[in-house]
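Take a look at the structure set out below.
Protein chains: 2
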Amino acid sequence: MIRNLSKLERQKKIKEYILKDPFLSDKKLAELFSISVQTIRLDRLEMGIPEMRKRIVQVAKNTSSKDKVKSLKKEEIIGELIDIELGKNGIAILKTTKDMAFGRTGIVRSHYIFSLADSLAISIINTEVALTGIARLSYKKPVYAGETLVAKARVARNRGNKYLVSVHVKSDQKEVFTGKLVIFSVNDKVKKEKA
Amino acid sequence: MIRNLSKLERQKKIKEYILKDPFLSDKKLAELFSISVQTIRLDRLEMGIPEMRKRIVQVAKNTSSKDKVKSLKKEEIIGELIDIELGKNGIAILKTTKDMAFGRTGIVRSHYIFSLADSLAISIINTEVALTGIARLSYKKPVYAGETLVAKARVARNRGNKYLVSVHVKSDQKEVFTGKLVIFSVNDKVKKEKA
DNA sequence: TTACAATTAGTAGTAGCTAATAATAGGTGC
DNA sequence: GCACCTATTATTAGCTACTACTAATTGTAA
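Protein sequences, first through last, are from chains A and B.
Residues 1 to 195, numbered by our numbering, are exactly what the first sequence covers, in order.
Residues 1 to 195, numbered by our numbering, are exactly what the second sequence covers, in order.
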């Protein structure tokens with residue numbers, strides 16, 4: 001219980017409480033502050049704070065829009081496939097953001113570039129399941145958040161279920177990364193083996 | 001408006017509508033299906049779907065818990081640093097989840113494992129900024145969602161600002177990945193060069 | 001035609017409010 | 001002491017979106 005507060009102090013506290021827990025009804029707030037429900041309502045009115053139900057709706061709608069952003073991010077990790085010729089080659093684009101970079105320098109973390117290259121390489125293999133076996137990566141130049149990366153992948157060799165894919169990533173015409181990935185196409189045996 | 005549906009079809013549709021938009025009141029649903037509010041209520045009762053207000057509260061509470069999971073996920077990408085001796089070696093752990101894996105097979109995408117290795121390797125370099133230059137990766141065994149990965153990194157050589165870091169990732173005592181990463185420690189020149 | 005399911009209608013009661021009006025308590029100024 | 005003012009509390013009517021229950025109506029198949 002909270003007692004003996006000036007109107008201003010009380011309103012500040014009420015604001016804090018509601019911010020922390022939007023699910024508080026006027027009745028519960030009144031109990032917490034040992035004052036009447038009517039005073040809480042006057043306070044809310046003065047501060048322009050909507051009723052509990054509307055606050056909950058706000059929270060619910062906020063979160064659903066956040067979900068959309070999240071699912072976008074999931075795509076960003078892989079980049080956007082622009083063109084594919086299965087078994088031959090493919091192009092993907094990744095727009096880098098601050099989230100992918102080191103805060104101090106703004107340089108994009110290397111594994112985001114690898115993710116782009118790796119998922120593109122796997123995409124162009126025309127098979128149900130493809131796994132990366134061996135990879136040789138070479139980072140040529142640092143990439144800064146905001147730059148748009150263009151990845152081109154090409155199947156260089158193919159013997160049985162073993163593919164050698166070479167990937168070149170450019171930013172603004174300049175090569176920032178190259179990689180050679182050995183990828184194996186696998187059938188469901190792998191899963192059964194393990195299970 | 002939707003008309004002339006069997007009870008079962010209607011209930012299915014109602015379920016879909018509510019799943020898509022939890023903010024639909026019984027009144028609005030009744031209008032959409034051109035039936036009475038009471039029928040909507042009976043349908044909800046039979047299907048065990050709570051009233052609009054409770055649905056909104058669920059959405060609001062879900063989202064706040066999802067937020068916590070999201071921030072956890074950000075850590076998961078890198079894994080959890082267990083032990084570090086700067087400039088020498090380090091250990092990190094990554095608990096793999098379904099989100100990191102291919103849906104069909106449950107095999108963890110290779111770039112999550114590289115991310116673990118790469119960020120651990122960068123972490124043990126005792127410098128302000130460290131960038132990956134060249135990397136040789138070797139995936140030994142497929143990793144299935146749910147397995148906990150333990151990554152050990154060691155600085156194998158160090159000449160000037162060039163470090164050779166070897167990383168071994170194990171799951172349940174078995175080696176699933178090894179990598180050799182050449183990492184460069186960089187001062188702020190890189191940033192100024194570009195800017 | 002009877003029997004039963006499905007649908008609709010209606011009533012009482014609930015939480016958590018808005019909006020408006022009124023009553024009360026406490027302090028300040030003259 | 002009285003007027004004035006603010007803050008607080010109380011009261012009432014009305015709203016939405018329900019639950020829970022009872023009752024009436026409609027449709028349909030045996």
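Every residue gets a Cβ at the ideal spot worked out from N, C-alpha and C, and that includes glycine.
Cβ contact check for the segment 116-132 of chain B and the segment 118-134 of chain A: 3 or more pairs under 8 Å: no
Cut-off 6 Å between Cβ atoms - residues of its own chain near A:Lys141, not counting five sequence neighbours on either side: Val176
Stretch pair the segment 89-100 of chain B + the segment 145-161 of chain B: three plus CB contacts closer than 8 Å: yes
Helix, strand or coil at A:Ser34 according to DSSP, with G and I counted as helix: Note: A:Ser34 maps to coil in three-state DSSP.
Residue burial classification, A:Met100 (beta-carbon count within 10 angstroms, cutoff 16): Burial call: buried.
Residues sharing a beta bridge with B:Gly90, DSSP: DSSP, once it has assigned bridges, lists B:Ile84 and B:Ala153 as partnering B:Gly90.
Element boundaries [alpha helix (DSSP H), containing A:Phe114]: Ser110 to Ile124
CB contact check: B:Glu201 to chain A, cutoff 9 Å: The displayed coordinates of chain B run from 1 to 195. Any statement about residue 201 of chain B would go beyond what the structure contains.
Alpha-carbon to alpha-carbon, A:Lys7 and B:Arg10: Rounded to whole angstroms, B:Arg10 to A:Lys7 spans 53 Å at the Cα level.
Under 8 Å by beta carbon: chain B residues contacting A:Asp118: Near A:Asp118 (Cβ distances below 8 Å), the residues of chain B are Arg109, Ser110, His111 and Phe114.
B:Ile134 vs A:Ser138 beta-carbon contact at 9 Å: yes
Extent of the continuous alpha helix (DSSP H) run through A:Arg136: Premise fails: A:Arg136 lies in the beta strand (DSSP E), Val129 to Tyr139, not in any alpha helix (DSSP H).
Closest by C-alpha distance to B:Gln92, when choosing among B:Phe184, B:Glu80, B:Phe102 and B:Glu85: The amino acid at residue 92 of chain B is misidentified as Gln; the sequence shows Ala. Of the residues B:Phe184, B:Glu80, B:Phe102 and B:Glu85, the one whose Cα lies closest to the Cα of B:Ala92 is B:Glu80.
Exposure of B:Arg44, with buried meaning 16 or more beta-carbon neighbours within 10 Å: Its Cβ being crowded by 16 or more others within 10 Å, B:Arg44 is buried.
Cβ of B:Ala156 within 9 Å of any chain A Cβ: no
Test: B:Pro50 CB closer than 9 Å to a CB of chain A: False, the Cβ-Cβ gap to chain A never drops below 9 Å.
Backbone CA spacing between B:Ile82 and A:Tyr144 [nearest angstrom]: 29 Å
Whole-angstrom C-beta distance between A:Ser171 and A:Arg154, which should lie under 8 Å: At roughly 19 Å, the Cβ-Cβ gap does not stay under 8 Å, so A:Arg154 and A:Ser171 are not in contact.
Contact set between A:Ile125 and chain B, taken where Cβ atoms lie within less than 7 Å: The contacting residues do not exist; A:Ile125 stays about 13 Å from chain B at best.
Cutoff 9 Å: A:Ser138 Cβ touching any chain B Cβ: Yes, its Cβ sits closer than 9 Å to a Cβ of chain B.
Pick from A:Glu31, A:Phe114, A:Ile107 and A:Leu86 that is closest to B:Ser110, judged by C-alpha positions: Each of A:Glu31, A:Phe114, A:Ile107 and A:Leu86 was checked against the Cα of B:Ser110, and the nearest Cα belongs to A:Phe114.
Interface flag, B:Gly133 vs chain A, CB-CB below 9 Å: yes
Unbroken alpha helix (DSSP H) run spanning A:Lys7, endpoints: Lys7 to Lys20
Segment contact, 8 Å Cβ cut-off, at least three pairs: the segment 40-59 of chain A with the segment 17-31 of chain A: yes
Within-9 Å CB hit, B:Ser18 to chain A: Residue 18 of chain B is actually Ile in this sequence, not Ser. Not closer than 9 Å to any Cβ of chain A, the Cβ of B:Ile18 fails to qualify, so no.
B:Ala156 burial status per 10 Å Cβ neighbour count (16 or more: buried): exposed
Chain A within 9 Å of B:Val57, Cβ atoms only: yes
Min CB distance B:Ala60 to chain A below 9 Å: Yes - at least one Cβ of chain A is within 9 Å of the one on B:Ala60.
B:Val182 to B:Ile107 span [Cα, whole Å]: 27 Å
Span of the beta strand (DSSP E), counted from its first residue to its last, around B:Leu181: Lys174 to Val186
Residue from A:Asn161, A:Arg53 and A:Leu120 with nearest C-alpha to A:Gly179: A:Leu120
Reference B:Arg159; option with closest CA among B:Glu85, B:Phe184 and B:Leu5: B:Phe184
Span of the beta strand (DSSP E), counted from its first residue to its last, around A:Val165: Residue range Lys162 to Ser171 is occupied by the beta strand (DSSP E) that includes A:Val165.
Selection from B:Ile84, B:Asn161, B:Ile124 and B:Val169 that minimises the alpha carbon distance to B:Tyr112: B:Val169
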